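Read left to right, the sequence shown gives residues 86 to 150 (my numbering).
All C-beta atoms in this analysis are idealised placements derived from N, C-alpha and C, irrespective of residue type, glycine included.
Note that the structure is a prediction, hence the values are computed from the model and not measured.
Contents: one structure, followed by commentary.
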Amino acid sequence: MEKECVACGKKPLSKDTIGINKKMLGKGIANFYCMNCLADYLGCTVDDLLDKIEEFKAEGCSLFQ
Ligand SMILES: [Zn+2]
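Dropping the structure here:
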């Protein structure tokens, strides 16, 4: 099933977006945010999140493969 942003309804959410949601909010979460809403929710910027995604990818995190 396609995931959509729980805050603004944007869909589909990319695999990277879903991965960073799980990283920041916990693997067991049922609701997902798009990049903009997640940044808003966490009080950071979308660029911060993109940096983190690159970091996790560099670490070989399985959520981003
Ligand atoms: Zn959103």
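Member of the options whose CA lies at the smallest distance from the CA of residue i
i	options	result
Met120	Gly113, Ile105, Gly111	Ile105
Tyr126	Lys142, Leu135, Tyr118	Tyr118
Cys146	Cys90, Asp101, Glu87	Asp101
Beta carbon of residue i nearer than 8 angstroms to that of residue j
i	j	result
Lys95	Leu148	no
Leu98	Met109	no
Reduced DSSP category for residue i - H, G, I as helix; E, B as strand; rest coil
i	result
Cys122	helix
Lys108	helix
Leu135	helix
Glu144	coil
Lys100	helix
Bridge partner(s) assigned by DSSP for residue i
i	result
Phe117	Cys90
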